[in-house]
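What follows is a set of notes on a single structure, which appears directly below.
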Amino acid sequence: MINMEKRCKILDTGRKDANIQIGKRLREARLNMNLEKSEIADVLGVTVEHYRKLEAGVTGISVDKVLTLYHKYGIDPTYLITGESSNIKDFNLDYYVANSTKEQRNDFFDRVLAYLSKLIR
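Going by our numbering, the final residue of the sequence shown carries number 134, and the count climbs one at a time with no gaps.
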């Protein structure tokens, strides 16, 4: 039987690995949206230094912060936590455009164009 100290060490290692992976996906999402660390830190109500630790995986992200990211930026909580997302491969542009307001559609295309411009540079 594994002693308690060894069990805690195994759990800590798993938690650190999970935090690092979540932090990588969080950074990727931020860069994909062309946002600065300070912008997301403000939305989350944390300092830029704390946000930097979230991206580095030094600190774990709380559920309320994950939900804030979802509501503000549409970052899929399942993807953020597990790295898997079913809704990306099922995205239907024609359906989205047909069923969005003019403002939503324009915002979407502005974001796509900004992203493409960033890739071209």
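C-beta atoms are modelled at their ideal positions from N, C-alpha and C, and glycine is treated no differently.
For the 8 Å Cβ check, are there 3 or more pairs between the stretch 26-46 and the stretch 81-93? yes
Beta-carbon contacts of TYR109 that lie in its chain and below 6 Å, excluding the five residues immediately before and after: none
Where GLU49 falls, given that 16 or more other Cβ within 10 Å makes a residue buried: exposed
Is the Cβ-Cβ distance between GLY73 and ARG118 less than 8 Å? no
Rounded to whole angstroms, what is the Cα-Cα separation between LEU126 and ILE33? Rounded to the nearest angstrom, the two C-alpha atoms are 30 Å apart.
For a test of the three-state rule: what should DSSP assign to SER51, helix, strand or coil? helix
Same chain, Cβ closer than 6 Å to LEU24, five either side skipped, listed in chain order: In this prediction, LEU24 has a pLDDT of 49, which is less than 50 and means its spatial position is unreliable; what the coordinates show is noted afterwards. Excluding sequence neighbours, LEU24 sits near nothing in its chain.
Assign ASP120 to one of three DSSP states: helix, strand, or coil. helix
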